[in-house]
Amino acid sequence: MKNRILFWIFAPLKNISLGVIIFLIFHAFEKTSNNQIIGLDTKILLSILFPLLTLIIEYIFFESTRPRG
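Numbering (this note's numbering) for the sequence shown: 25 to 93.
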């Protein structure tokens with residue numbers, strides 16, 4: 025039970041941080057090249073979907089390795 029609580033505290037925090045980092049990297053690329061590399065909608069989509077997919081995969085691994093009983 026304690027592991028599950030810790031997972032749901034730290035896994036979303038890690039993935040939110042990952043999304044912010046992805047967004048900021050694309051923003052920095054745009055500023056340094058003075059061109060629009062990808063649109064704002066694509067940046068937001070990638071910043072949300074990639075960490076969400078990562079969270080889902082981590083949860084599947086967490087549940088499959090958790091002892092039953």
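Even glycine gets a Cβ: it sits at the ideal position worked out from N, Cα and C. All values derive from a computational prediction rather than experimental measurement.
Taking the beta carbon of residue i as the centre, do at least 16 other beta carbons fall within 10 Å, making it buried, or is it exposed?
{"i": "SER71", "result": "buried"}
{"i": "LYS6", "result": "This structure does not reach residue 6, given that the chain is present from 25 up to 93, and the question cannot be answered."}
{"i": "PRO75", "result": "buried"}
{"i": "GLY63", "result": "exposed"}
Is residue i helix, strand or coil by DSSP?
{"i": "ILE40", "result": "helix"}
{"i": "ILE62", "result": "coil"}
{"i": "ARG28", "result": "helix"}
{"i": "PRO91", "result": "coil"}
Does the separation of the CB atoms of residue i and residue j fall below 8 Å?
{"i": "ASN39", "j": "THR78", "result": "yes"}
{"i": "PHE86", "j": "PHE31", "result": "yes"}
Out of the options, which one is the CA nearest neighbour of residue i?
{"i": "LEU37", "options": "ALA52, ARG90, ARG92 and GLU82", "result": "GLU82"}
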